[in-house]
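J.: Can you keep this structure in mind? I'll have questions shortly.
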Amino acid sequence: MGFNLKSIKTVQTFDYEVKDEQGNPTGVIFTLAGPNHPIRKAAQMAANRKLIASARKTGRVELPDPEDSEAQRVKDLTAFTLGWRGYADESGEVAFTPEAASALYGDPELLWLSNQIDTALGEQDRFTKRVGTS
0 MGFNLKSIKT
10 VQTFDYEVKD
20 EQGNPTGVIF
30 TLAGPNHPIR
40 KAAQMAANRK
50 LIASARKTGR
60 VELPDPEDSE
70 AQRVKDLTAF
80 TLGWRGYADE
90 SGEVAFTPEA
100 ASALYGDPEL
110 LWLSNQIDTA
120 LGEQDRFTKR
130 VGTS
């Protein structure tokens, strides 16, 4: 009997546990938008349209300014983070808001966190789950 490829699906979200500097779990869970999530698909389509428009206008693809790229990265990480739990600062539990996420991702001292989340978003297997039997 063959394998049912349809038993494996790309899911819209994944709960990622943030690791500390030694790779240990922190108990902080970020819910991330997968590649099929409407927010993420819309952002990718917008980026593609921008590149296509630039190429049509100038005849070549123009690379963005590095500062613009970093600002876009923070914007994307913020949009692709749908929530969190278990995150606290010196004042106590921190509720998820897009503004709070943007502040985390934009903090140069927390580059390790934005890099970790960016890496997790790029790992497609995190958004792939078996939903049935083969």
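Residue numbers (numbering that gives the first Met the number 0): 0 to 133.
Just so you know, even glycine gets a beta-carbon here, dropped at the ideal spot from N, CA and C.
Let me confirm a value: Arg59 is counted as buried when at least 16 other C-beta atoms fall within 10 Å, else exposed. Which label applies?
T.: With fewer than 16 Cβ atoms within 10 Å of its Cβ, Arg59 is classed as exposed.
J.: For Lys18, tell me which candidate among Ser68, Thr9, Phe29 and Ala102 has the shortest Cα-Cα distance.
T.: Checked all of Ser68, Thr9, Phe29 and Ala102; the closest Cα to Lys18 is Phe29.
J.: Can you tell me whether DSSP reads Tyr15 as helix, strand or coil?
T.: The answer is strand: DSSP assigns Tyr15 an E or B state.
J.: Does the segment 44-61 come within contact of the segment 93-110, defined as at least 3 CB pairs closer than 8 angstroms?
T.: Judged by Cβ distances under 8 angstroms, the segment 44-61 makes no contact with the segment 93-110, as fewer than three pairs qualify.
J.: Closer than 8 angstroms by C-beta to Leu110: which residues in its own chain qualify, once you throw out the five before and the five after it? Chain order, please.
T.: So the list is empty, once near-sequence residues are dropped.
J.: Just confirm the distance between the C-beta atoms of Val27 and Glu16, as a whole number of angstroms; I'd bet it's less than 8 angstroms.
T.: Indeed they touch by this definition, with Cβ atoms about 7 angstroms apart.
J.: Based on Cα-Cα distance, which residue from Met44, Gln71, Lys5 and Ala78 lies nearest to Thr12?
T.: That would be Ala78, whose Cα lies nearest to the Cα of Thr12.
J.: Mind checking whether Gly85 and Phe95 have CB atoms under 8 angstroms apart?
T.: Going by C-beta atoms, Gly85 is not nearer than 8 angstroms to Phe95.
J.: To the nearest angstrom, how far is it from the Cα of Ser134 to the Cα of Met0?
T.: Any question about residue 134 goes unanswered here, given that the chain covers just 0 to 133.
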